[in-house]
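One structure is given here, and the rest of the page talks about it.
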Amino acid sequence: MFHRLPCLLVGLLVGCKVAFADSEHLSKGFDPKCPEGYYPSVVVTEGQYTVPFDRMQNVTGSFHHAEWYGIVNSTNHGEDNTVGATRSGAIEGYKFDEKLVRVFKDDGEAMIAYTSQIPAKFPNPSGGKIASYHSYIEELRLISICQGTATLVHFWATFCADDTIGSLDTWARVRGDALNGVIVREGAQEFKGTCPGPLPK
337 MFHRLPCLLV GLLVGCKVAF ADSEHLSKGF DPKCPEGYYP SVVVTEGQYT VPFDRMQNVT
397 GSFHHAEWYG IVNSTNHGED NTVGATRSGA IEGYKFDEKL VRVFKDDGEA MIAYTSQIPA
457 KFPNPSGGKI ASYHSYIEEL RLISICQGTA TLVHFWATFC ADDTIGSLDT WARVRGDALN
517 GVIVREGAQE FKGTCPGPLP K
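If you're matching positions, the sequence shown starts at 337 in my numbering and goes up one per residue.
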């Protein structure tokens with residue numbers, strides 16, 4: 337999917353700036369075994385936007401300050417963007433508690449991944465059924481494209497939920513609304529295929 341092999345996948349490469357949580361926690365978090373009554377799902381959201389990588393990273397790159405993603409007034413512990421940092425709070429009365437498990441930033445690429453520490457619910461923007469999540473993990477990756485004039489945004493999450501349709505709808509809509517908000521505030525646009533010009537010489 338990516339034009340260059342992500343540094344995350346080849347952690348032995350010299351110069352990779354990747355931080356990991358303990359491997360046991362990650363293996364359980366990235367491919368969870370769901371208890372009875374919950375079902376595993378994966379949802380991927382990807383787009384190309386005319387926002388330079390540095391600007392996009394400045395907006396979306398903080399684990400403790402994710403207002404752009406609808407997380408406001410969170411209670412934070414640990415150093416921001418450091419493995420083991422946590423954030424907790426409530427969205428429309430539904431509590432969440434998340435822990436940062438992976439973080440990476442290099443020239444033209446950045447990633448954060450976090451996992452739930454408690455079962456959770458999230459409001460469904462469509463007004464549909466509100467799913468319950470036994471556990472989830474989500475990753476946000478940014479890659480500079482179009483000679484630095486745009487950013488590829490790649491989200492993926494895997495989770496155990498009691499309602500597959502409602503959970504997938506909720507996750508997709510929340511991400512879409514958040515990204516649209518960033519694009520509007522940045523005066524940018526989404527595009528596919530050819531990079532919008534003019535490009536730097």
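By construction, the Cβ of each residue, glycine as well, lies at the ideal position given by its N, Cα and C atoms. Every value quoted in this text rests on a predicted model; they were computed, and no experiment measured them.
Check whether residue i and residue j have beta carbons under 9 Å apart
i: Y450; j: F458; result: no
i: F399; j: I481; result: no
i: N417; j: G397; result: yes
i: A514; j: L478; result: no
i: A493; j: I473; result: yes
i: T506; j: P461; result: yes
i: D540; j: Y405; result: Limits of the chain in this structure are 337 at one end and 537 at the other, which puts residue 540 out of reach.
i: E415; j: R438; result: no
Beta-ladder partner(s) of residue i, from DSSP
i: A493; result: V379, E474
i: F432; result: G425
i: E526; result: Y385
i: D442; result: E445
C-alpha gap between residue i and residue j, whole angstroms
i: Q525; j: I519; result: 6 Å
i: E522; j: V387; result: 7 Å
i: R391; j: D433; result: 27 Å
i: A421; j: L436; result: 5 Å
i: G463; j: L488; result: 30 Å
i: K441; j: I448; result: 9 Å
i: Y430; j: G533; result: 44 Å
i: Q483; j: P536; result: 7 Å
i: G517; j: H401; result: 16 Å
i: E382; j: Q393; result: 15 Å
i: E403; j: E372; result: 34 Å
i: C531; j: R511; result: 23 Å
i: C370; j: V395; result: 33 Å
i: G444; j: T500; result: 35 Å
i: K528; j: F495; result: 28 Å
i: Q453; j: V419; result: 14 Å
i: A426; j: P368; result: 24 Å
i: S410; j: S424; result: 5 Å
Integer Cβ distance of residue i from residue j, believed to fall under 8 Å
i: Q384; j: A486; result: 6 Å
i: K377; j: S503; result: Contrary to the premise, residue 377 reads as Ser rather than Lys in this sequence. With 8 Å as the limit, S377 and S503 qualify as a contact, their Cβ atoms being about 6 Å apart.
i: F491; j: V380; result: 7 Å
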